[in-house]
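Asker: Mapping of the sequence shown onto numbering that gives the first Met the number 0: residues 0 to 152, in sequence order.
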Amino acid sequence: MSSYKAFDLDQISLEKRVVLRCPFKQCNARIIPLSKALVSSKISIDKAPEMVAVGQIPSVDEPRTESTSDFYKVDDVWDFDNIGVSRAVENLSSPIELASDPGEPVTLNIERLLICSECDKGPLGFAGISEKDAADVKNLKYFLSCNSVVYDV
Ligand SMILES: [Zn+2]
């Protein structure tokens, strides 16, 4: 198991199978496989909600949260092996702006947190939806914190 900071994302080019797992020691459930698509979806988000932080420790006992800005963007919840999505909570954080290609940046309202569906711990990420898509939860976009999972290399 490796932490995000210790793990070199370029290793994905070696076509090794890397699995992102729940960071909690007693759990380590599969969260999502690390694919090239996932690596290239990585974005930096300012003012995101605080997340569980793995830091340099490959596995964490106690939830410790800190602000983080690196996230994998996942459009389809079915890409995850295990993820839990909280109910909608108002004012979880300020809305984020996402560049969209092509067109105007999209503003997403952050209203849900992602937790491990095996141990219910987290948050490991968050989910948001744009105002115009808000009628259908299928339009939620998911953001998995790069530093809130361990890398099973
Ligand atoms: Zn877990």
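Heads up, the beta-carbon is just placed ideally off N, CA and C, and yes, glycines get one too.
These numbers come from a predicted model, not from an experiment.
#1: Consult DSSP for residue 75 and reduce its assignment to one of helix, strand or coil.
#2: Excluding the five sequence neighbours on either side, which residues of its own chain have a C-beta within less than 8 Å of the C-beta of residue 89, listed in chain order?
#3: Starting from residue 36, follow the alpha helix (DSSP H) in both directions and report where the run begins and ends.
#4: Report the partner residues of residue 132 according to the DSSP bridge assignment.
#5: Can you tell me which residues fall inside 6 Å of ligand 1, judged by beta-carbon distance to its nearest heavy atom, and keep chain order?
#6: Compare the C-alpha of residue 139 against each of 112, 11 and 65 and name the closest.
#7: How long is the line joining the alpha carbons of residue 116 and residue 83, rounded to whole angstroms?
#8: Answer yes or no: does any C-beta atom of chain B fall closer than 8 Å to that of residue 51?
#9: What is the residue span of the beta strand (DSSP E) that residue 17 lies within?
#10: Can residue 143 and residue 129 be called in contact, C-beta distance under 8 Å?
#11: Out of curiosity, what's the CA-to-CA distance linking residue 9 and residue 23?
#12: Measuring alpha carbon to alpha carbon, tell me which residue in 65, 45 and 72 is nearest residue 38.
#13: Going by DSSP, what residues sit across from residue 126 in a beta bridge?
#14: Go through its chain and collect everything with a Cβ distance to residue 64's Cβ below 7 Å, but skip five positions before and after it.
Answerer: The short version:
#1: Position 76 of the sequence shown holds residue 75. DSSP places residue 75 in coil when its eight states are reduced to three.
#2: Here residue 89 refers to the residue found at position 90 of the sequence shown. Excluding sequence neighbours, residue 89 sits near 110.
#3: As a first step, residue 36 must be located in the sequence shown, where it is residue number 37. First-last of the alpha helix (DSSP H) with residue 36: 35-39.
#4: Along the sequence shown, one-based indexing puts residue 132 at 133. DSSP lists no beta-bridge partner residue for residue 132.
#5: Chain-ordered list of matching residues: 21, 23, 26, 28, 115, 117, 118 and 120.
#6: Sequence index remark: in the sequence shown, residue 139 carries index 140 (1-based). For residue 139, the nearest C-alpha among the options comes from 112.
#7: Within the sequence shown, residue 116 is the residue found at index 117, counting from 1. Within the sequence shown, residue 83 is the residue found at index 84, counting from 1. Whole-angstrom Cα-Cα distance: 4 Å.
#8: As a matter of chain content, chain B is missing from the structure shown, which is built from one protein chain.
#9: One-based indexing of the sequence shown puts residue 17 at position 18. Element bounds for residue 17: 17-20.
#10: Sequence index remark: in the sequence shown, residue 143 carries index 144 (1-based). Sequence index remark: in the sequence shown, residue 129 carries index 130 (1-based). The answer is no: Cβ separation not under 8 Å.
#11: In the sequence shown, the residue the question calls residue 9 occupies position 10. In the sequence shown, the residue the question calls residue 23 occupies position 24. Straight-line Cα distance between these residues: approximately 25 Å.
#12: Numbered from its first residue, the sequence shown carries residue 38 at position 39. Of the candidates 65, 45 and 72, the one whose C-alpha sits nearest the C-alpha of residue 38 is 72.
#13: For the purposes of this step, residue 126 is taken as the residue at position 127 of the sequence shown. Residue 126 is bridged to 111 and 141.
#14: To locate residue 64, count along the sequence shown from 1; it is residue 65. The answer, listed in chain order, is 49, 50, 51 and 52.
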